[in-house]
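Peer 1: Take this structure first; my questions come after.
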Amino acid sequence: MARTVVSSHSRELVIGFDQPFCIIGERINPTGRKLLAAEMAAGDFSRVEADCLAQVAAGAHMLDVNAGIPLADEPAILAKTVQLVQSLTDLPLSIDSSIVDALEAGLSVYQGKALVNSVTGEDEQMERVLPLVKKHGAAVVAISNDETGISEDPEVRYAVAKKIVERAADHGIPKEDVVVDPLVMPIGAMGTAGRQAFSIIRKLREELGVNTTCGASNISFGLPNRHAMNSFFLAMAAGAGMTSAIMNPLHEEELTGIMAADVLLNADKDCRAWIRKFREPVAAGAEGEGGRRERRRRRG
Numbered sequence: 476m477a478r479t480v481v482s483s484h485s486r487e488l489v490i491g492f493d494q495p496f497c498i499i500g501e502r503i504n505p506t507g508r509k510l511l512a513a514e515m516a517a518g519d520f521s522r523v524e525a526d527c528l529a530q531v532a533a534g535a536h537m538l539d540v541n542a543g544i545p546l547a548d549e550p551a552i553l554a555k556t557v558q559l560v561q562s563l564t565d566l567p568l569s570i571d572s573s574i575v576d577a578l579e580a581g582l583s584v585y586q587g588k589a590l591v592n593s594v595t596g597e598d599e600q601m602e603r604v605l606p607l608v609k610k611h612g613a614a615v616v617a618i619s620n621d622e623t624g625i626s627e628d629p630e631v632r633y634a635v636a637k638k639i640v641e642r643a644a645d646h647g648i649p650k651e652d653v654v655v656d657p658l659v660m661p662i663g664a665m666g667t668a669g670r671q672a673f674s675i676i677r678k679l680r681e682e683l684g685v686n687t688t689c690g691a692s693n694i695s696f697g698l699p700n701r702h703a704m705n706s707f708f709l710a711m712a713a714g715a716g717m718t719s720a721i722m723n724p725l726h727e728e729e730l731t732g733i734m735a736a737d738v739l740l741n742a743d744k745d746c747r748a749w750i751r752k753f754r755e756p757v758a759a760g761a762e763g764e765g766g767r768r769e770r771r772r773r774r775g
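Taking the numbering used here, the leading residue of the sequence shown gets 476, the next gets one more, and so forth.
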């Protein structure tokens, strides 16, 4: 049973088949957010701070930190962002970059065991990223594409994931420290994308024995009412064996779908988290006749 352990300087988090679904907050990412990108490039991290605190308050278990800004000093900005976020929260972080020097900069200042996002199946990238992951004792997200691109065939994507897991083992990284992203396709463009995702998630769990993640909003790209679609997808993906997702925890529908899946899969023991979030407080003197009858019945 795969248990991927990550940590901050003071908190440990386990991603696993027997654990509640892990919500990785995606908001600290300037990609597609021109204002945030401009602010971070100019040294203004006030929006980063606000996004960090909002995601923590919403219930994220980890935070993804990205500083991919064109023509900016990404290694320096990523390192500064990691330090800032760690000063604001004790949640573990996913350090997110396609640039190896930026990953090195972020890992060098990180306190704890980070999740590196990410490595692909391209030989050159594996040989640059995996030694870095091993050096810093981190875990890593393995993305199921390689030199040939992203295959529409789920069997090919599974084979790429298997190759990365095996190459990681060659570098001394156990499969427990590899979280596979099988690359969820947009359902609006590929009608079989949902079935494909659930099939490969089950196979990754049952045959390869690894934890999985995805960019949750990919499934609904181009569709209306995206949050409802994402919510149902996340619940069904959890049922198929997915153990985490990179997503926006501020969207209530999606968070509710995950919490419901935790209840139905018995990952939320005695429905405690569900009840804690959704129970309506009873006003003084407002229990009603039903409550009074129940008290009398128990006394009898």
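All C-beta atoms in this analysis are idealised placements derived from N, C-alpha and C, irrespective of residue type, glycine included.
For clarity, every value in this text was computed on a predicted model and none was experimentally measured.
#1: Hey, could you find the ends of the beta strand (DSSP E) D656 is sitting in?
#2: Reducing DSSP to helix, strand and coil, say where T731 ends up.
#3: Output the distance between the C-alpha atoms of A477 and G647, rounded to the nearest integer angstrom.
#4: Around the C-beta of Q671, are 16 or more other C-beta atoms found within 10 angstroms, so that it is buried, or is it exposed?
#5: What's the C-alpha gap between M704 and P657?
#6: Would you list, in sequence order, the uninterrupted alpha helix (DSSP H) runs of no fewer than 4 residues that lie entirely inside the stretch 667-697?
#7: Determine the direct distance from the alpha carbon of G666 to that of V584, and round the result to whole angstroms.
#8: Quick check on this structure: which residue in G663, L679, D519, D571 has the alpha carbon closest to the alpha carbon of P699?
#9: Could you round the C-beta distance between A577 and P550 to whole angstroms and report it? I think they count as a contact, below 8 Å.
#10: Does the beta carbon of R478 come closer than 8 Å to any beta carbon on chain C?
#11: Can you give the Cα-Cα distance for G624 and A636, rounded to whole angstroms?
#12: Let me confirm a value: T506 is counted as buried when at least 16 other C-beta atoms fall within 10 Å, else exposed. Which label applies?
#13: Going straight from the alpha carbon of S483 to that of G716, what length do you get?
#14: Round the Cβ separation of V654 and I490 to the nearest angstrom and send it over; I've been treating them as touching at under 8 Å.
Peer 2: In brief:
#1: 653-656
#2: helix
#3: 16 Å
#4: buried
#5: 19 Å
#6: 668-678
#7: 43 Å
#8: G663
#9: 5 Å
#10: No chain C appears in the structure shown, which is made up of a single protein chain.
#11: 13 Å
#12: exposed
#13: Using only the alpha carbons, I get a separation of about 25 Å.
#14: 7 Å
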